Amino acid sequence: MGPAFSGGLANGPVELSTRGWGATLTPVRVEIQPIGIEVDVAEGESLIEAAARQGYSWPSVCGGEGVCSTCAVDVVQVEEPLDGPTPAETETLRMLPRWHDGDDSLRLACQLRPTPGLVVRKIGVRKASP
Ligand code: FES
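Here the sequence shown is numbered in my numbering, starting from 603 and rising by one per residue.
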């Protein structure tokens with residue numbers, strides 16, 4: 603199987619070569635605080651995957667399987683509504699005490715599909731070691 607992406611996210615649209623039809627999609631830019639970075643998330647890609655591809659490490663225990671809750675973020679701002687959490691994401695979020703306090707700003711970075719204008723807060727995101 604070839605690479606999932608051809609072309610650079612930092613320089614514009616991404617061609618998703620694995621789809622075989624040459625579709626060019628514009629990535630969604632997400633701001634991450636408090637580190638103060640922006641990452642471009644391609645169609646079908648999680649925020650964790652996008653951050654990793656752009657050289658950042660994200661707290662995770664399960665490797666993005668949606669079962670550990672370590673990747674959870676606070677949604678600080680949205681311009682376009684996010685899809686709600688799936689039942690599986692909700693089940694994992696239930697492990698977090700804040701979820702039981704009614705805090706609906708929590709989402710799993712490995713599961714949510716970003717929309718334009720999204721700003722999240724996550725302690726522990728950092729530049730990956732070379
Ligand atoms: S990385 Fe484990 S739930 Fe997201």
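For glycine and all other residues, C-beta sits at the position ideal for the given N, C-alpha and C.
All figures in this text were calculated on a predicted structure; none of them were measured in a lab.
Close CB contacts of ALA652 within its chain, under the 6 Å cut and outside five residues either way in sequence, are with VAL641, VAL643 (chain order). In the three-state reduction of the DSSP assignment, ARG709 falls in the strand class. Cβ atoms of PRO716 and VAL630 come within 8 Å of each other, at about 5 Å. ALA674 carries a strand assignment under DSSP once its states are collapsed to helix, strand and coil. Counting only heavy atoms of ligand 1, the residues whose C-beta sits closer than 7 Å to one of them are, along the chain, ILE650, SER662, VAL663, CYS664, GLY665, GLY666, GLU667, GLY668, VAL669, CYS670, SER671, THR672, CYS673, THR694, LEU710, ALA711, CYS712, GLN713. Between the stretch 670-679 and the stretch 690-698 there are three or more C-beta pairs closer than 8 Å, enough to call the two in contact. Rounded to whole angstroms, SER731 and GLU647 show a C-alpha spacing of 22 Å.
Just so you know, the alpha carbons of GLN656 and GLU633 end up roughly 13 Å apart. Counting along the chain, ARG723 sits inside the beta strand (DSSP E) bounded by residues 721-723.
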